[in-house]
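Have a look at the structure below before the remarks.
In structure tokens:
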């Protein structure tokens, strides 16, 4: 095995020139592209993390809003129940006052009607008595006529 030193040196020099050329023209752009890709991946991960934190913030805000909505709903229901109870109470009081007024007016009307009926009854009794007396005085009374007049008087009283 003979090793030719010139050929080995040529190979070494060719290899070194190839490495130097690769380093100068290919390695730097290749490393730059790899670094650029690495930076792009790091930036994307950072954006994803920022997006996660934004999503968490939105989730917290959403949950707070839901709690506020639930609290507002309860308050509005409570207010509505309170207003309904107040309205029911007002309606009840109004109805009671109206009922008292109706009872009062009805009682007054009944008292007036009873007073009118008493006056009318008294006038009717006076008229009947006057008519009966007038008939008795006009006719000469004997026992038979007297009984007949009293019978008619009683019949008239019963009919009236």
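Residue numbers (our numbering): 2 to 161. Just so it is clear, CB atoms sit at the ideal spot from N, CA and C, and this is done for glycine as well.
Short Cβ contact (8 Å threshold) for residue i with residue j
i, j, result
"residue 150", "residue 136", "yes"
Unbroken alpha helix (DSSP H) run spanning residue i, endpoints
i, result
"residue 14", "6-22"
Residue i in three-state terms, based on DSSP
i, result
"residue 86", "helix"
"residue 157", "helix"
"residue 128", "helix"
"residue 69", "helix"
For residue j and residue i, the rounded distance between their alpha carbons
i, j, result
"residue 121", "residue 101", "30 Å"
"residue 66", "residue 82", "24 Å"
"residue 70", "residue 55", "22 Å"
"residue 80", "residue 117", "55 Å"
"residue 15", "residue 34", "27 Å"
"residue 7", "residue 38", "43 Å"
"residue 124", "residue 148", "25 Å"
Pick from the options that is closest to residue i, judged by C-alpha positions
i, options, result
"residue 157", "132, 146 and 144", "132"
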